[in-house]
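Student: Protein chains in written order, with full-length UniProt numbering: chain A, 1 to 285; chain B, 1 to 285.
C-beta: ideal position from N, C-alpha, C; glycine also.
Let me give you the structure first, and then I'll get to my questions.
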């Protein structure tokens, strides 16, 4: 049996009781290690689970899924995923391959940033399409997510921005030379995301866009979330301009651009800001 | 300390290890009992947790929140919520009151249908605004969610429909007489939701709407989900027309109206249908 087990968001104890039982009875336990991270390392998980974990990086899962699945034919195998198993496409792919090979599988759900983002007080029902913001380089600055944010804010909806993670990436030089030397992991901060977002509207203005036509401006209310679900979780509500210089500490970060606000949402966000003028210009529901 | 603890979706063992520890050390443990249900009853939870649970219905939470909070001033109190604590506004309200009374609180996240719905294979990133479908009566048929679905499908996005739950509701007669006699609980099925959805487009057609202008038609692909996260979870992908006569068994149900589909999404949905013609007319991403 193949078990795909969500680990939740904070530390080792965020696993469910059901998930822990499954890990402890599994003969092999893989830890997915490239779409997200917990606030604790592999060793802390191994100690708590009482099991050795096999790190499954992108190469392994994409190229050696057969090995993982072959094991699951004859014994219990767990594949551990930070958050919930259905946050990333890769796990769907593993599940489809299991089904093709007629290997029974079972999914153990857990919290994901996709629902836990609600802890900032913005109602999940009022979110539009989620967007992903990737690291820009000097000559590669994709901004296709801007139109999605615009479509959301036009409807008064909040936008959850998932921020880029670069794990086990090769420099272009090493890639060209075929050298498997990896860059240190990088995680986009809410501040950096805010800077990229503001750079986009600068460009729109140069192209002739009026401020009233923009998806957001420097004054828009946004919420930065860091290490959601852990003991040192941090949430800050402020303007996009101020977010560019707000340090939320270590990863992972998320950023939400607020749409229209319900008075209860304003009340909740007030817990996370010291800027009492923040809500002066927001549209209330 | 007030702990607001998510229980996840299936049975007693879907609680996190952290959540279980919190419950076991709490002096009082309340079980929220009106926005959702687990597939097991209060007794099964009490046995597994080794704690007596106090059922907290809508009356109690809205009118006697002070009692819950007063207890939390001097000792550890847990307030248990099916799914994740931030699925419903009421829990936000409790948290705000705790903050006002300067009572420290802590939130233990868990899976919610808002993220676990991804188990049907539709990518969470491709969902638009979530809508709620309420039980219609003969003379009260609200359909304001239709425009939201239209806005989603116009953008090719999926729509997650949360289905109505009526727990501890009074009949109008008993309400008028001030009698606290409650109707048996009712949970909307995916079939009933599909019937209401199709009634709306019948009305739109009478009003002159062309099929190409509708948010969906009888042939639209939809996915019914029942008891997500439990051992007898059921997922069926079919047309909205066929969903009206599809019995998914006991509650809770959810319904998703598909937008444009990624080939990987089609492949996943194929696991949940015996209708091979289902995807003939869908727009692929």
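1. Using a Cβ cut-off of 7 Å, pull out every chain B residue sitting near residue 109 of chain A, in sequence order please.
2. Rounded to whole angstroms, what is the Cα-Cα separation between residue 228 of chain B and residue 15 of chain B?
3. So what does DSSP say about residue 166 of chain B, is it helix, strand or coil?
4. Go ahead and pull the three-state DSSP assignment for residue 26 of chain A.
5. Between which residues of its own chain and residue 316 of chain A is the CB-CB distance below 6 Å, once the five residues before and five after are set aside?
6. Looking at the strands, I want to know which residues DSSP matches up with residue 80 of chain B.
7. Note down, in chain order, all residues in the segment 143-170 of chain A with a beta-carbon under 7 Å from any beta-carbon belonging to chain E.
8. Just tell me which of A/273, A/275, A/283 and A/57 has its CA closest to the CA of residue 263 of chain A.
9. Just list the alpha helix (DSSP H) runs in the segment 111-191 of chain B, keeping only unbroken ones of 4 residues or longer that don't cross its boundaries, in chain order.
10. Have a look at residue 44 of chain A and residue 108 of chain B and give me their C-alpha separation to the nearest angstrom.
11. Between the Cα of residue 5 of chain B and those of B/78, B/240 and B/137, spot the shortest distance and give me the residue it belongs to.
12. Excluding five sequence neighbours on each side, which residues of the same chain lie with their C-beta closer than 6 Å to the C-beta of residue 158 of chain A?
13. Taking buried to mean at least 16 other C-beta atoms within 10 Å of its own C-beta, is residue 254 of chain A buried or exposed?
14. Between which two residues does the alpha helix (DSSP H) harbouring residue 71 of chain B extend?
15. Just the chain A side, please: which residues come within less than 7 Å of residue 271 of chain B by C-beta, in chain order?
16. Got a sec: is the Cβ-Cβ distance from residue 17 of chain A to anything in chain B below 7 Å?
17. Just to make sure I have the definition right: I need the residues of chain A whose C-beta is within less than 7 Å of the C-beta of residue 47 of chain B. Which are they?
18. Going by the beta-carbon positions, is the gap between residue 120 of chain A and residue 248 of chain A smaller than 7 Å?
19. In whole angstroms, give me the CA-to-CA distance for residue 31 of chain A and residue 89 of chain A.
20. Output the distance between the C-alpha atoms of residue 25 of chain A and residue 48 of chain A, rounded to the nearest integer angstrom.
21. Starting from residue 99 of chain B, trace the alpha helix (DSSP H) in both directions and tell me its first and last residue.
22. Can you give me, in chain order, the residues of the segment 75-86 of chain A that have a beta carbon less than 7 Å from any beta carbon in chain B?
23. Below 7 Å between beta carbons: does that hold for residue 73 of chain B and residue 103 of chain B?
24. For residue 226 of chain B, does the three-state DSSP call read helix, strand or coil?
25. Residues in its own chain within less than 6 Å of residue 112 of chain A by CB, not counting five upstream and five downstream?
26. Check whether the Cβ of residue 268 of chain B lies closer than 7 Å to any Cβ atom in chain A.
Tutor: Answer, in terms of the structure:
1. Chain B residues near residue 109 of chain A: 8, 9, 111, 116 and 229.
2. Spanning the two alpha carbons is a distance of roughly 15 Å.
3. Per DSSP, reduced to three states, the secondary structure at residue 166 of chain B is strand.
4. It is coil, neither helix nor strand.
5. This structure cannot speak to residue 316 of chain A, because chain A is shown only from 1 to 285.
6. Note: residue 80 of chain B sits in a beta bridge opposite B/5 and B/31.
7. The structure shown has no chain E; the protein chains it does contain are A and B.
8. Per the Cα distances, A/283.
9. Within the segment 111-191 of chain B, the alpha helix (DSSP H) runs of at least 4 residues that lie entirely inside it are, in chain order, 113-116, 145-154 and 172-176.
10. The alpha-carbon atoms of residue 44 of chain A and residue 108 of chain B are separated by roughly 20 Å.
11. A check of alpha carbon separations from residue 5 of chain B across B/78, B/240 and B/137 identifies B/78 as the nearest.
12. Scanning its chain for C-beta atoms nearer than 6 Å, with the 5 sequence neighbours on each side dropped, one finds around residue 158 of chain A the residues 122, 126, 127, 256, 258 and 259, in chain order.
13. Per the 10 Å Cβ criterion, buried.
14. Element bounds for residue 71 of chain B: 65-74.
15. Near residue 271 of chain B (Cβ distances below 7 Å), the residues of chain A are 99.
16. By this cut-off, residue 17 of chain A is an interface position.
17. Using a Cβ-Cβ cut-off of 7 Å, residue 47 of chain B is close to nothing in chain A; its nearest Cβ partner there is about 13 Å away.
18. In this structure, the beta-carbon distance from residue 120 of chain A to residue 248 of chain A does not fall below 7 Å.
19. So the alpha carbons of these two residues sit roughly 16 Å apart.
20. Near 14 Å, if we compare the C-alpha coordinates of residue 48 of chain A and residue 25 of chain A.
21. The continuous alpha helix (DSSP H) containing residue 99 of chain B extends over residues 89-100.
22. Of all residues in the segment 75-86 of chain A, those with a C-beta nearer than 7 Å to a C-beta of chain B are 84 and 86, reading in chain order.
23. Going by beta carbons, residue 73 of chain B and residue 103 of chain B fall inside the 7 Å limit.
24. In the three-state scheme derived from DSSP, where H, G and I count as helix and E and B as strand, residue 226 of chain B is classed as strand.
25. Setting aside the 5 residues that flank it on each side, residue 112 of chain A is surrounded in the same chain by 83, 84 and 87, each with a C-beta closer than 6 Å to its C-beta; the list follows chain order.
26. The beta-carbon of residue 268 of chain B is placed less than 7 Å from the nearest beta-carbon of chain A.
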